[in-house]
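K.L.:
Sharing a structure here in structure tokens format.
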Amino acid sequence: MKVLRVTAWLALLLLVGGSMAANWLAPAGYARQYRGEPNAAPSHAHWLGTDEDGRDRFARVLYGTRISLLLAPAAALLSTLMAALVGGVSGYLGGAWARVAMAVTDLFLSLPWLFLLITVRALMPLNVSPLFSVMVTFLMLGLLGWTSAARVLCASAGSLRNSDFIRQARASGICGARLFWMHVMPNLKPVLYAQFWISVPVFILSEANLGILGLGVAEPMPSWGSLLRELEGLISVGEEPWKFVPLILLVLVVTSFEMLLSMEKGMAA
Amino acid sequence: MHGLALVATVLLGGLLAAVLVRLAPGFDVDEQQLDSHLNAESLAALRAARMQQNDVFSFYIHSLRQALHGDMGTSLSLGQPVSVLLRQRVPLTLRLIGVGLLLSWSMALALALSAAWMRASAYDALTATISGMFLCFPAAVLALLSVLWNVPGSIVIALIVFPQIYRYARNLLAKAYALPHIVTARAKGLSQLRIMTWHVVPIVAPALLAVAGVSVSMAVGAAIPVEALCGLAGVGQLAWQAALARDLPLLMNVTILVTAATLLANSGADVLSHALRGARA
Chain A
1 MKVLRVTAWL ALLLLVGGSM AANWLAPAGY ARQYRGEPNA APSHAHWLGT
51 DEDGRDRFAR VLYGTRISLL LAPAAALLST LMAALVGGVS GYLGGAWARV
101 AMAVTDLFLS LPWLFLLITV RALMPLNVSP LFSVMVTFLM LGLLGWTSAA
151 RVLCASAGSL RNSDFIRQAR ASGICGARLF WMHVMPNLKP VLYAQFWISV
201 PVFILSEANL GILGLGVAEP MPSWGSLLRE LEGLISVGEE PWKFVPLILL
251 VLVVTSFEML LSMEKGMAA
Chain B
270 MHGLALVATV LLGGLLAAVL VRLAPGFDVD EQQLDSHLNA ESLAALRAAR
320 MQQNDVFSFY IHSLRQALHG DMGTSLSLGQ PVSVLLRQRV PLTLRLIGVG
370 LLLSWSMALA LALSAAWMRA SAYDALTATI SGMFLCFPAA VLALLSVLWN
420 VPGSIVIALI VFPQIYRYAR NLLAKAYALP HIVTARAKGL SQLRIMTWHV
470 VPIVAPALLA VAGVSVSMAV GAAIPVEALC GLAGVGQLAW QAALARDLPL
520 LMNVTILVTA ATLLANSGAD VLSHALRGAR A
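Listed in order, the protein sequences are those of chains A and B. For the first sequence, counting from 1, position 154 maps to 154 in the working numbering; every step adds exactly one. For the second sequence, counting from 1, position 143 maps to 412 in the working numbering; every step adds exactly one.
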């Protein structure tokens, strides 16, 4: 178990480190076009070949990994904060507040996640700048991904509201926002941490799905989703195996997260 | 009461879609306004017609009233009535989701039950690895690979949904098999089949039924990449095309339809689950 845990951490650290060193490992950048070499096979100059526009695939994978690995946790942080705000506060207030918040949560939960994402993405201009598209994509994931976490937090905050120590704090004259921040929030921290770590792989996979469907990060900015679109033109798996590198990295990262999460759960149990 | 809440949620979902449609950039722009053949009077009439839709509530009520009369508007990108498009595409999606759900539940229950029966940690790890492997792949990649290997769309939906059902079913079964009366039944030598049908199923069935409702929502979500990338003309592909073409009236109607369908499935599963719990009590 310990070996698996260390391997998962090492894989994550290696990928984060590699992507952070993208400027040094691939100084030409992700957008530079080698016009004379479109669809080139791997070579000494281009380790993973080039794409149909002649861009170095290795550079695009490194920069794409950086975008996915940096922004998925940022979106997870946003969704966790939203969940704390909606679920935590409504659960703490209880009564009609909790009922209304949970009705809204149920409405969002009843819609399939990917369906909701493409609907909201469709409402934004499609011809936006690449940087804006990256922000929009991950912001959208963060703003729409709070619902299931909010349910858990609402239930946790609701049970805390009636606990003895909160009653005692109330009796001592602490109330309102102070009671919430000083006594309720610290007790919700473990749930918030868990929700954050659960959300990261979910958001990585969601961005990949959106990217493959053409509703994610705009060209020429790379992300795992946009890089995976190259698989659409494949005739056989063995034809150009280097095109599977982004998929292998994505699966490796998601597997590492899942492994760490299940081990944490096992240890908690 | 439950029905009323259901209708209210669907209407709220529709209102949410209408608000989003109304707020979308370019809502109040009509291509016809650029037509040089139209005179000032016609242009003014067009603008007046658009102005009527500015109030989101009257826009939504007008759309609902039209929908009640069977008129769901016309798709901007496909130029066909939305009701006709939905009628053409709903059967394929229903078939895909139906077969996909049947296969995913069969796979998930077969793996979860066999793992619970065998009680071998190696087999348990193997089934968990198989399901976990599919959980780590984006749904759209599985759809793309299915095109390469000529795998039917319903099987892809099954592969996307089954790991989530397996995980839940496995946990439920593990907890049920650890209950003292089931351990006693095992120790007394009762057959596996008897233990399962008489003791385990009544415990896990209500919780599994609740997941059945959620699995419909998962399958609808999985249908979008599968239909879009496998070239299957269903509602998922229609939603994707509407999103790419920013065909907002079509998207609003599909949103209402999907909300209603998933809510009905969830509520149906909840009612059955509560009925089962009540019968046990």
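Virtual Cβ for every residue (Gly too), placed ideally from N, Cα, C.
Among the candidates B:Leu312, B:Gly482 and B:Leu333, whose CA atom is the shortest distance from the CA of Ala534 of chain B?
P.N.:
Residue numbering aside, residue 534 of chain B sits at position 265 when the second sequence is read from its first letter. Looking at the Cα atoms, B:Gly482 is the closest of the given residues.
K.L.:
Measuring only between beta-carbons, confirm whether Cys405 of chain B sits less than 7 Å from chain A.
P.N.:
Residue mapping note: residue 405 of chain B aligns to position 136 of the second sequence, counting from 1. True, the Cβ-Cβ gap to chain A drops below 7 Å.
K.L.:
Can you give me, in chain order, the residues of the region 521–536 of chain B that have a beta carbon less than 7 Å from any beta carbon in chain A?
P.N.:
Thr524, Val527, Thr528, Thr531, Leu532 and Asn535
K.L.:
Contact check, Ile204 of chain A vs Ala72 of chain A under 8 Å by CB: the rounded distance?
P.N.:
Working through the first sequence from its first residue, we reach residue 204 of chain A at position 204. Working through the first sequence from its first residue, we reach residue 72 of chain A at position 72. Indeed they touch by this definition, with Cβ atoms about 5 Å apart.
K.L.:
In this structure, does DSSP put Asp164 of chain A in helix, strand or coil?
P.N.:
Working through the first sequence from its first residue, we reach residue 164 of chain A at position 164. In this structure, Asp164 of chain A counts as helix in the three-state DSSP scheme.
K.L.:
Return the Cβ separation of Ala149 of chain A and Ala103 of chain A in integer angstroms, given the expectation that the two are a contact with Cβ distance under 8 Å.
P.N.:
Working through the first sequence from its first residue, we reach residue 149 of chain A at position 149. Working through the first sequence from its first residue, we reach residue 103 of chain A at position 103. With 8 Å as the limit, Ala149 of chain A and Ala103 of chain A do not qualify as a contact, their Cβ atoms being about 17 Å apart.
K.L.:
Where does Asp53 of chain A fall in DSSP's three states?
P.N.:
Counting from 1 along the first sequence, the entry for residue 53 of chain A is found at position 53. Correct three-state label for Asp53 of chain A: coil.
K.L.:
Can you tell me the Cα-Cα spacing of Ala474 of chain B and His450 of chain B, whole angstroms?
P.N.:
Counting from one through the second sequence, the residue named residue 474 of chain B turns up at place 205. Counting from one through the second sequence, the residue named residue 450 of chain B turns up at place 181. One C-alpha to the other measures close to 17 Å.
K.L.:
Quick check on Pro350 of chain B: does DSSP put it in helix, strand or coil?
P.N.:
The residue you call residue 350 of chain B lines up with position 81 of the second sequence. If DSSP states are grouped into helix, strand and coil, Pro350 of chain B belongs with the strands.
K.L.:
Measure the Cβ-Cβ separation of Ile366 of chain B and Ala538 of chain B and say whether it is below 7 Å.
P.N.:
The sequence position of residue 366 of chain B within the second sequence is 97, counting from 1. The sequence position of residue 538 of chain B within the second sequence is 269, counting from 1. Cβ atoms of Ile366 of chain B and Ala538 of chain B: not closer than 7 Å.
K.L.:
For the alpha helix (DSSP H) holding Arg121 of chain A, just list the boundary residues, first then last.
P.N.:
One-based indexing of the first sequence puts residue 121 of chain A at position 121. Trp113 to Ala122 is the extent of the alpha helix (DSSP H) around Arg121 of chain A.
K.L.:
Which chain B residues sit within Cβ distance under 7 Å of Phe115 of chain A?
P.N.:
Position 115 of the first sequence, counting from 1, holds the residue named residue 115 of chain A. Contact note: Phe115 of chain A reaches chain B through Val489, Gly490, Ile493, Ala508 and Val527, using a C-beta cutoff of 7 Å and chain order.
K.L.:
Can you tell me where the alpha helix (DSSP H) with Ile434 of chain B in it begins and where it stops?
P.N.:
For the purposes of this step, residue 434 of chain B is identified with residue 165 of the second sequence, where counting begins at 1. Gly422 to Tyr446 is the span of the alpha helix (DSSP H), which, as asked, contains Ile434 of chain B.
K.L.:
Residues of chain B with CB closer than 7 Å to the CB of Val251 of chain A, please, in chain order.
P.N.:
The count along the first sequence starts at 1 and reaches residue 251 of chain A at position 251. Near Val251 of chain A (Cβ distances below 7 Å), the residues of chain B are Cys405 and Phe406.
K.L.:
Assuming Leu413 of chain B and Leu231 of chain A are in contact, meaning their beta carbons sit under 8 Å apart, how far apart are those beta carbons, in whole angstroms?
P.N.:
Within the second sequence, residue 413 of chain B is the residue found at index 144, counting from 1. Within the first sequence, residue 231 of chain A is the residue found at index 231, counting from 1. About 5 Å separates the two Cβ atoms, so the contact holds.
K.L.:
Should the region 510–524 of chain B be called in touch with the region 432–450 of chain B, which here means at least 3 C-beta pairs below 8 Å?
P.N.:
The way I'd put it, the region 510–524 of chain B doesn't touch the region 432–450 of chain B; fewer than three beta-carbon pairs between them come closer than 8 Å.
K.L.:
For Ser387 of chain B, count the other beta carbons within 10 Å of its own beta carbon; 16 or more makes it buried, fewer makes it exposed. Which is it?
P.N.:
The residue given as residue 387 of chain B occupies position 118 in the second sequence. The sequence shown places Met at residue 387 of chain B, not Ser. Met387 of chain B comes out exposed.
K.L.:
Relative to chain B, which residues along the region 254–266 of chain A have a C-beta separation below 7 Å, given in chain order?
P.N.:
Val254, Thr255 and Glu258
K.L.:
Quick one: Cα of Glu274 of chain A to Cα of Ile212 of chain A, how far?
P.N.:
Given that chain A is displayed from residue 1 to residue 269, the structure contains no residue 274 of chain A and the question cannot be resolved.
K.L.:
According to DSSP, which residues form a beta bridge with Gly33 of chain A?
P.N.:
Position 33 of the first sequence, counted from the first residue, corresponds to residue 33 of chain A. The question names Gly, but residue 33 of chain A is Gln in the sequence shown. A:Arg55.
K.L.:
At a Cβ threshold of 7 Å, is Leu413 of chain B touching chain A?
P.N.:
The residue labelled residue 413 of chain B in the question sits at position 144 within the second sequence. Yes, because at least one Cβ of chain A sits closer than 7 Å to the Cβ of Leu413 of chain B.
K.L.:
Going by the CB atoms, is the gap between Ser373 of chain B and Val430 of chain B shorter than 7 Å?
P.N.:
Working through the second sequence from its first residue, we reach residue 430 of chain B at position 161. Working through the second sequence from its first residue, we reach residue 373 of chain B at position 104. Closer than 7 Å, so yes.
K.L.:
Kindly say whether Asn270 of chain A, judged by its beta-carbon, lies nearer than 7 Å to any beta-carbon of chain B.
P.N.:
For chain A, the structure presents residues 1 to 269; residue 270 of chain A sits outside this window and is missing.
K.L.:
Return the chain-ordered ranges of every alpha helix (DSSP H) run that is complete within the region 347–414 of chain B and spans a minimum of 4 residues.
P.N.:
Runs of the alpha helix (DSSP H) inside the region 347–414 of chain B: 351–387 and 390–404.
K.L.:
Kindly indicate if chain B contains any beta-carbon less than 7 Å away from that of Thr50 of chain A.
P.N.:
As a working note, residue 50 of chain A is residue 50 in the first sequence. Not flagged as an interface residue toward chain B: Thr50 of chain A, since no C-beta distance is shorter than 7 Å.
K.L.:
Taking 7 Å as the threshold (beta carbon to beta carbon), is Ala122 of chain A in contact with chain B?
P.N.:
Translated into the one-based positions of the first sequence, residue 122 of chain A becomes position 122. Yes, contact with chain B.
K.L.:
I'd like to check one pair, Phe257 of chain A with Val200 of chain A: are the Cβ atoms closer than 7 Å?
P.N.:
Start at 1 with the first residue of the first sequence, and residue 200 of chain A comes out as number 200. Start at 1 with the first residue of the first sequence, and residue 257 of chain A comes out as number 257. Yes, the Cβ-Cβ distance between Val200 of chain A and Phe257 of chain A is below 7 Å.
K.L.:
Among the residues of its own chain, which have a CB less than 8 Å from the CB of Ser551 of chain B, if the five just before and after it don't count?
P.N.:
With chain B covering only 270 through 550, there is no way to say anything about residue 551 of chain B.
K.L.:
Pro190 of chain A lies in the alpha helix (DSSP H); which residues open and close that run?
P.N.:
Taking the first residue of the first sequence as 1, we reach residue 190 of chain A at position 190. From DSSP, the alpha helix (DSSP H) with Pro190 of chain A extends over Met185 to Ile212.
K.L.:
CB Leu160 of chain A to CB Asn187 of chain A, shorter than 7 Å?
P.N.:
Position 160 of the first sequence, counting from 1, holds the residue named residue 160 of chain A. Position 187 of the first sequence, counting from 1, holds the residue named residue 187 of chain A. Going by C-beta atoms, Leu160 of chain A is nearer than 7 Å to Asn187 of chain A.
K.L.:
Who are the neighbours of Thr278 of chain B on chain A, taking C-beta pairs under 9 Å?
P.N.:
For the purposes of this step, residue 278 of chain B is identified with residue 9 of the second sequence, where counting begins at 1. Ala103, Asp106, Leu107 and Ser110, listed in chain order.
K.L.:
Give a yes or no on contact between the region 166–175 of chain A and the region 37–47 of chain A, applying the rule of three or more CB pairs nearer than 8 Å.
P.N.:
no
K.L.:
Leaving out five residues on either side along the sequence, give the residues of the same chain with a beta carbon under 6 Å from the beta carbon of Leu371 of chain B.
P.N.:
Indexing the second sequence from 1 puts residue 371 of chain B at position 102. Once the five neighbours on either side are set aside, Leu371 of chain B has no close Cβ partner at all.
K.L.:
Hey, out of A:Arg178, A:Val184 and A:Trp146, whose CA is closest to Asn297 of chain A's CA?
P.N.:
Chain A is shown from 1 up to 269; residue 297 of chain A falls before or after that span and cannot be answered.
K.L.:
Could you pull the start and end residues of the alpha helix (DSSP H) that Phe108 of chain A belongs to?
P.N.:
Indexing the first sequence from 1 puts residue 108 of chain A at position 108. Gly95 to Ser110 is the extent of the alpha helix (DSSP H) around Phe108 of chain A.
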